[in-house]
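Visitor:
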Amino acid sequence: MKILLVEDETDLCKQIQCELYRENFTVDLANNGEDGCFFGSTELYDAVILDLGLPLKDGVSVLREWRSNGIATPVLILTARGRWQDRVDGLNAGGDDYLVKPFQMEELIARLRALIRRSVGVASPEITFGDVCLNAETGRVHFHDKAIELTGNELKLLTAMLLRPNKVHSKTELAENIYGYNEDRDSNTLEVYVARLRHKLHRNFIRTIRGRGYTIGNGICPDL
Ligand code: CA
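Each residue of the sequence shown is one higher than the one before, starting from 1064 at the first, in the numbering used here.
(1) Can you tell me where the beta strand (DSSP E) holding aspartate 1114 begins and where it ends?
(2) Helix or strand or just coil, what does DSSP make of isoleucine 1269?
(3) Would you list the residues sitting across from glutamate 1189 in a DSSP beta bridge?
(4) Looking at the secondary structure, which residues open and close the alpha helix (DSSP H) in which alanine 1210 lies?
(5) Roughly how many angstroms lie between the CA atoms of threonine 1222 and glutamine 1167, to the nearest whole one?
(6) Can you tell me whether valine 1276 is helix, strand or coil according to DSSP?
(7) What's the C-alpha gap between leucine 1197 and lysine 1164?
(8) If you draw a straight line from the alpha carbon of isoleucine 1140 to that of tyrosine 1161, how long is it in whole angstroms?
(9) Have a look at Glu1189, Gly1193, Asp1194 and flag the residue whose alpha-carbon is nearest the alpha-carbon of arginine 1203.
(10) Rounded to whole angstroms, what is the Cα-Cα separation between arginine 1227 and isoleucine 1269?
(11) Under 6 Å from any heavy atom of ligand 1, by CB: list those residues in chain order, please.
(12) Check whether the Cβ atoms of alanine 1177 and threonine 1136 lie closer than 8 Å to each other.
(13) Assign aspartate 1091 to one of three DSSP states: helix, strand, or coil.
(14) Taking just the CA atoms, how far does leucine 1068 sit from aspartate 1114?
(15) Tell me whether aspartate 1160 sits in a helix, a strand or coil according to DSSP, three-state version.
(16) Report the rounded CA-to-CA distance for asparagine 1095 versus glutamate 1070, giving the unit in angstroms.
(17) In this structure, how does DSSP classify threonine 1136 when only helix, strand and coil are distinguished?
(18) Within its chain, find whatever has a CB closer than 7 Å to the CB of asparagine 1216; leave out the 5 residues flanking it on each side and keep chain order.
(19) So, helix, strand or coil for valine 1069, using DSSP?
(20) What three-state label does DSSP hand phenylalanine 1101 in the structure shown?
(21) Please classify leucine 1264: does DSSP put it in a helix, a strand, or coil?
Here you go:
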């Protein structure tokens, strides 16, 4: 799952980034409102963590701009301001949830995961498709009730596909789920991960749709 973190406090950024990496998220970072607004408008993310007090452009303005341009990515607002009016402004501008600083990293991760699940219509942390079951909280994967060991990148790839099972995922989209903005996105490496997942799960679990990408479902839901 790919997250955009828009936050200007360097230490907090590092802490959140570290925790997200540990939890197998891919993270793009923006440390001011203008960059954040640009990334959120031009890249695909599963969710955004958005600070409200930002240099160059404040978080509420960033959020209003996204929503008025039809960008529906779920947004978790972070704010140091304890005033209830700020939280209401953030939610009214199109925020989906909020956390007031200081907060526990565990709560941030739990809220983020819940937000992403809700945005794709999955209510439980257990995401099941066919004989494959992923617990999005623990990262444990079972196939036919047997535990399967996956590497971080294999897990990222499987999670992206399980969250939107009937979508045809282009190689570019899947590579973006694995690699951050500044990393090389190698589609050959992606093919290696797909091959490994097929080997560990079932060779027909991921289908190649020629010229379009990969799907685990019927491939008739391209826009979700
Ligand atoms: Ca700030």
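All C-beta atoms in this analysis are idealised placements derived from N, C-alpha and C, irrespective of residue type, glycine included.
Guide: Taking the geometry as given:
(1) That run of the beta strand (DSSP E) goes 1110-1114.
(2) In the structure shown, isoleucine 1269 sits in coil (DSSP, three-state: anything other than H, G, I, E or B).
(3) Partner(s): Asn1198.
(4) Where alanine 1210 is concerned, there is no enclosing alpha helix (DSSP H), although the beta strand (DSSP E) it sits in stretches over 1209-1211.
(5) Approximately 24 Å, taken between the alpha carbons.
(6) Contrary to the premise, residue 1276 reads as glycine rather than valine in this sequence. Strand at glycine 1276.
(7) So the alpha carbons of these two residues sit roughly 31 Å apart.
(8) Whole-angstrom Cα-Cα distance: 4 Å.
(9) The shortest Cα separation from arginine 1203 among Glu1189, Gly1193, Asp1194 belongs to Glu1189.
(10) Pairing arginine 1227 with isoleucine 1269, the inter-Cα distance amounts to about 13 Å.
(11) Ordered along the chain, residues surrounding ligand 1 are Asp1071, Glu1072, Asp1114, Gly1116, Leu1117 [Cβ under 6 Å from any heavy atom].
(12) For the 8 Å CB-CB criterion, alanine 1177 and threonine 1136 do not form a contact.
(13) Three-state DSSP puts aspartate 1091 in a strand.
(14) In this structure, the CA atom of aspartate 1114 is about 8 Å from the CA atom of leucine 1068.
(15) Aspartate 1160: strand per DSSP, three-state reduction.
(16) Between asparagine 1095 and glutamate 1070, the C-alpha separation is close to 7 Å.
(17) Here DSSP, grouped into helix, strand and coil, assigns threonine 1136 to coil.
(18) So the qualifying residues of the chain are Ile1241, Tyr1256.
(19) Assigned with DSSP and collapsed to three states, valine 1069 falls in strand.
(20) DSSP places phenylalanine 1101 in helix when its eight states are reduced to three.
(21) Of the three classes helix, strand and coil, the one that applies to leucine 1264 here is coil, per DSSP.
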